[in-house]
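S.K.: I'd like to ask you about the structure that follows.
2 protein chains.
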Amino acid sequence: MTPEDFRAYGHQLVDWVADYWRRLAEQPATLPVQPPVKPGQVAGQLPSKPPAHGEPIEAVLADLDQIITPATTHWQHPGFFGYFPANTSGPSVLGDLISSGLGTQGMLWSTGPAATELETVMLDWLVDLLGLPARFHSHGPGGGVIQDSASSAALVATLAALHRASDGAWRTAGVDRRYTVYTSTEGHSSIEKAVRIAGLGESALRLVEVDPQTLAMRPDALRDQLAADRAAGATPALVVATIGTTSTTAIDPLPQIGEICTQEQVWLHVDAAYAGSAAVCPELRWTHAGVAHADSYCFDPHKWLLTGFDCDAFWVADRAELVAALTVLPEYLRNAATSTGAVIDYRDWQVPLGRRFRALKLWFVLRWYGAEGLRAHIRHGVALAARFADLVRADDRFELVTDHPFALVCFRLRGGDDASNERLLTRLNAAGEVFLTHTRVNGRYTLRLAVGSPHTTEETIDALWRDLRRLAELA
Amino acid sequence: MTPEDFRAYGHQLVDWVADYWRRLAEQPATLPVQPPVKPGQVAGQLPSKPPAHGEPIEAVLADLDQIITPATTHWQHPGFFGYFPANTSGPSVLGDLISSGLGTQGMLWSTGPAATELETVMLDWLVDLLGLPARFHSHGPGGGVIQDSASSAALVATLAALHRASDGAWRTAGVDRRYTVYTSTEGHSSIEKAVRIAGLGESALRLVEVDPQTLAMRPDALRDQLAADRAAGATPALVVATIGTTSTTAIDPLPQIGEICTQEQVWLHVDAAYAGSAAVCPELRWTHAGVAHADSYCFDPHKWLLTGFDCDAFWVADRAELVAALTVLPEYLRNAATSTGAVIDYRDWQVPLGRRFRALKLWFVLRWYGAEGLRAHIRHGVALAARFADLVRADDRFELVTDHPFALVCFRLRGGDDASNERLLTRLNAAGEVFLTHTRVNGRYTLRLAVGSPHTTEETIDALWRDLRRLAELA
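Structure (structure tokens):
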């Protein structure tokens, strides 16, 4: 494909994306948030073998429209309230387009000087933007890096913690003693996965009790568990505290947890995958109280900060520890810049060797919106969630299940059992106007409404509420 | 940013990419392959804090041109011969643009039915295209998935192998015995990293001797090492064989290694990260002899198959084993489709939970080029490498260091010591017309020329050769 072919097709595909985004926001909705598609339906429409000879882009676009789009869950839809959001934006897609075009593989500073340094500066910008501790800024011993996801951040935090807990012996000896890892019963599944991947086995994971009201980790329970494990001969290596748990956005009490970790000399990783974005608003920074205790911290601009997946921002207070845990230097990667020690080689901050130039999309987003624009976006989501919570609160057929410090509202039918709440969710989603998911809170089936799209409006919320009230009659 | 803003800016940025690609191919070159940039130069030109208010895209584009592009190592340059290639193409960038615009997060089938099924079909297409064993096709117990890189593929293969070697005990108990992992002394550094991440420690890694001529693993040495380890009470868990080692593209003898792994009941992972693409050409499939023994196999379409980073294609012969090793199912991810068991949830095939819709770029590439187009691309690279090797062979000041079955040529000054070869490489790269990297072969400094760009021509090779001969006079 020549540059001139690409120019012509590129314009066409940019138009495709612009038209798609316009369709998503149309009222009434013409695209169902979740498509009525059966397993095997997409595969069944595709040839079983690749073409022998090249086909025109037009043929691919026709299949895109007829096979792919109708079988797509529309994460960018204003009625998408499931899981946590994963919103992109115009500037993010533009930045990613440049990244694709440059095709930089920035495993080393020398293979992508601009990719490396822009990433460092963007992560420093985010420290400023979120009011994070100065120890994460690259001007000192700390620093930040883009991971693909909070899962991978949890994994590398686990590895760095093992390296520290073993005084470096782990690199050579592996898991040579009984290490333990702590998170709350509400901690994310990626922590269990990280513990398994790191070879500790699930038996090493301690799910610390939460307060049944706030669903936040109980510091006394953490302290007791640490003491019991030490008494039993285990080596506590890592505590993962959460700001904004996946189920209900509970906030673990970092000031107390942090003190315990300092006393016990255990690595503290803070997972703020979803809720970290809220810290761009000064009035929401109370949610980050105690974060200065963290040895590592991450949040996902790809969830609630208008940056397309994948973009997890991860910081450590001591980058030397992380690099020592992860570095491997074969001859074919040696180069003059690395040997000076004056540069960052981000391959040593992550699991994979290769890496894309993901800082570009973040740069486009942060400059296009500016701090005030991003604050307006977060406040918009928080306000819509509050609007919805007020509607729930005012109707005695429903109840709020937990607080809603961010833009997630957990609710259910007040008198309803699990089955009636599950039916309500199924019926609500069936029409395709909105998509919500569920969780269990203290064992009970609970609906989750996570606002995130910049295209969601008061009218989207009000229409959803009308549907909910109507369906509640049937439940 | 409205869809209409995006449309206008998008056209501008597509033009930027088209113009950039045109400039890369200009003769004489106007962009040096590796820029003359000092550490800190990019960061020093950027503000230390994010803007308070949004800025126009024009301002970002001006900085892109003045700060970023001049500090970029141009991986898509026709004179880029370093490492292994990481070539993208027009159709790949187009597919990725659609992926960015859709913003699908395909962690579950239900969150991206089209993303999931297109990925399965694309991986099946590649089985056909490369002539891989039918056991990797999804119609049986096997199947394929896109990983970010061969590093991550090596890691998940290690985890599945541990799961098997422990009869499933590893998930709960972790590394509860002395496992050993085998690759050759020429195996990729990611295997050492995977062993470390999995908690085995580097002491678990056995670097099996190679034949000093072919640099391929010696099956007898593997057999001896396995026997010695078993005798010492270790549990061999994984052998990683390589088709096309990073240093010199050596090919481990899979027929013999595979037989040993079958006898010893050890998981065999085959890493063909670079060289796998060659198998699209029937005349190069001899390099894959014995691959039917593999429990898992990977190659990187993002290296030599015109698909932008990241796109590693990874298969297992038994997907149930992989999923059993990696799955974690919290309540908030439960859904009707998953509970039927009729769908693939790719989150259980990888380390992270979230995932982009990467199958789209592969689909665009495979359809635009077709099998014949991709074969022509591979043959073009192989022929140019052969042309260069012939020039080296015909000049008694130089020598070929190894065979060149693919498109990598390893060479050096015949009489030169390490220092003179290193000087030669530094001088050759300094002009910015080409960029090569080095390795050590049997301890001796060796230059590597890896052809990969579709824009590299006979004239690029001949000009490089003229420079080399001129510089050899000075060495």
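These protein sequence lines are chains P and Y, in that order.
For the first sequence, full-length UniProt numbering assigns the number 475 to the last residue and increments by one with no breaks.
For the second sequence, full-length UniProt numbering assigns the number 475 to the last residue and increments by one with no breaks.
Just so it is clear, CB atoms sit at the ideal spot from N, CA and C, and this is done for glycine as well.
Only a predicted model underlies this, so the values are computations on that prediction, with no experimental measurement involved.
Kindly say whether residue 28 of chain Y, judged by its beta-carbon, lies nearer than 8 Å to any beta-carbon of chain P.
M.R.: no
S.K.: Select from Y/51, Y/50, Y/200, Y/274 the residue whose C-alpha is nearest the C-alpha of residue 408 of chain Y.
M.R.: Y/274
S.K.: Within this structure, are the beta carbons of residue 92 of chain Y and residue 357 of chain Y separated by less than 8 Å?
M.R.: no
S.K.: Counting only the same chain and skipping the five closest in sequence on each side, list residues whose C-beta sits under 8 Å from that of residue 125 of chain Y.
M.R.: 366
S.K.: Hey, is residue 378 of chain Y's beta-carbon within less than 8 Å of any beta-carbon in chain P?
M.R.: no
S.K.: Give, in chain order, every residue of the stretch 196-230 of chain P whose Cβ lies closer than 9 Å to some Cβ of chain Y.
M.R.: 196, 197, 198, 199, 200, 201, 202, 203, 204
S.K.: Could you give the first and the last residue of the continuous beta strand (DSSP E) run that contains residue 181 of chain Y?
M.R.: 179-184
S.K.: For the UniProt region "Disordered" (32-51) of chain P, list every residue whose C-beta sits within 8 Å of some C-beta in chain Y, in sequence order.
M.R.: Going along the UniProt region "Disordered" (32-51) of chain P in chain order, one finds 34, 35, 37, 39, 40, 41, 42, 43, 46, 48, 49, 50, 51 with a Cβ nearer than 8 Å to chain Y.
S.K.: Mind checking residue 194 of chain P: buried by the 16 CB within 10 Å criterion, or exposed?
M.R.: buried
S.K.: Note down, in chain order, all residues in the stretch 301-322 of chain P with a beta-carbon under 8 Å from any beta-carbon belonging to chain Y.
M.R.: 302, 308, 309, 310
S.K.: Once the 5 residues before and after residue 345 of chain Y are set aside, which same chain residues still bring their CB inside 6 Å of it?
M.R.: 108, 109, 338
S.K.: What residue does the beta strand (DSSP E) around residue 468 of chain Y start on, and which one ends it?
M.R.: Per DSSP, residue 468 of chain Y belongs to no beta strand (DSSP E); it is in the alpha helix (DSSP H), 458-474.
S.K.: Starting from residue 217 of chain Y, follow its DSSP beta bridges and name the residues at the other end.
M.R.: Y/210
S.K.: For residue 425 of chain Y, count neighbouring C-beta atoms within 10 Å of its own C-beta (all shown protein chains included) and say buried if the count is 16 or more, exposed if not.
M.R.: Result: buried.
S.K.: Listed from N- to C-terminal order along the chain, which residues in the stretch 118-130 of chain Y have their beta-carbon within a distance smaller than 9 Å of any beta-carbon of chain P?
M.R.: 118, 120, 121, 122, 124, 125, 126, 128, 129
S.K.: Looking at the C-beta of residue 251 of chain Y, does it have a partner C-beta in chain P at a distance below 8 Å?
M.R.: no
S.K.: Since residue 261 of chain P sits in a beta bridge, which residues does DSSP pair it with?
M.R.: According to DSSP, which records beta bridges pairwise, residue 261 of chain P is partnered with nothing at all.
S.K.: Strictly under 8 Å for the Cβ-Cβ distance: is residue 66 of chain Y near chain P by that measure?
M.R.: Answer no: the Cβ-Cβ gap between residue 66 of chain Y and chain P never drops below 8 Å.
S.K.: Taking 8 Å as the threshold, find out whether the stretch 11-19 of chain Y comes into contact with the stretch 93-101 of chain P through three or more Cβ pairs.
M.R.: yes
S.K.: Check this for me: beta carbons of residue 290 of chain Y and residue 255 of chain Y, under 8 Å apart or not?
M.R.: yes
S.K.: Determine whether the Cβ of residue 10 of chain Y lies closer than 8 Å to any Cβ atom of chain P.
M.R.: yes
S.K.: Output, in chain order, the set of chain Y residues within a Cβ distance shorter than 7 Å of residue 22 of chain P.
M.R.: 3
S.K.: Can you give me the start and stop residues for the alpha helix (DSSP H) that residue 58 of chain P sits inside?
M.R.: 57-63
S.K.: With a threshold of 8 Å between beta-carbons, can residue 457 of chain Y be considered close to chain P, or not?
M.R.: no
S.K.: Can you tell me where the alpha helix (DSSP H) holding residue 291 of chain P begins and where it ends?
M.R.: It is not in any alpha helix (DSSP H) - residue 291 of chain P carries neither H nor E in the DSSP assignment.
S.K.: What does residue 86 of chain Y reach in chain P if we use C-beta pairs closer than 8 Å?
M.R.: Per Cβ cutoff of 8 Å: 103, 105, 354.
S.K.: Given this structure, state the Cα-to-Cα distance separating residue 403 of chain Y from residue 368 of chain Y, to the nearest angstrom.
M.R.: 32 Å
S.K.: Check the Cβ-Cβ distances between residue 100 of chain Y and every residue of chain P, and say whether any is below 8 Å.
M.R.: Chain P, which has a Cβ nearer than 8 Å to the Cβ of residue 100 of chain Y, makes this yes.
S.K.: Of all the CB atoms in chain P, is at least one closer than 8 Å to the CB of residue 132 of chain Y?
M.R.: no
S.K.: What number of angstroms, rounded off, separates the C-alpha of residue 324 of chain Y from the C-alpha of residue 175 of chain P?
M.R.: 22 Å
S.K.: Compare the C-alpha of residue 186 of chain P against each of Y/95, Y/159, Y/293, Y/331 and name the closest.
M.R.: Y/331
S.K.: Along chain P, which residues have their Cβ under 8 Å away from the Cβ of residue 267 of chain Y?
M.R.: Ordered by position in chain P, no residue passes the 8 Å Cβ test against residue 267 of chain Y, which lies about 16 Å from the chain.
S.K.: Leaving out the 5 sequence neighbours to the left and right, which residues in its chain are closer than 6 Å to residue 418 of chain P when beta-carbon positions are compared?
M.R.: Non-local beta-carbon contacts of residue 418 of chain P in its own chain, meaning distances under 6 Å to residues more than five positions away in sequence, involve 445 in chain order.
S.K.: Applying a beta-carbon distance threshold of less than 9 Å, which residues of chain Y neighbour residue 240 of chain P?
M.R.: Within chain Y, no residue comes near residue 240 of chain P; the closest Cβ sits about 14 Å away, beyond 9 Å.
S.K.: May I ask you to report which of helix, strand or coil DSSP gives residue 285 of chain P?
M.R.: helix
S.K.: Do three or more CB pairs link the stretch 392-400 of chain Y to the stretch 149-159 of chain Y at distances below 8 Å?
M.R.: No, the stretch 392-400 of chain Y does not touch the stretch 149-159 of chain Y.
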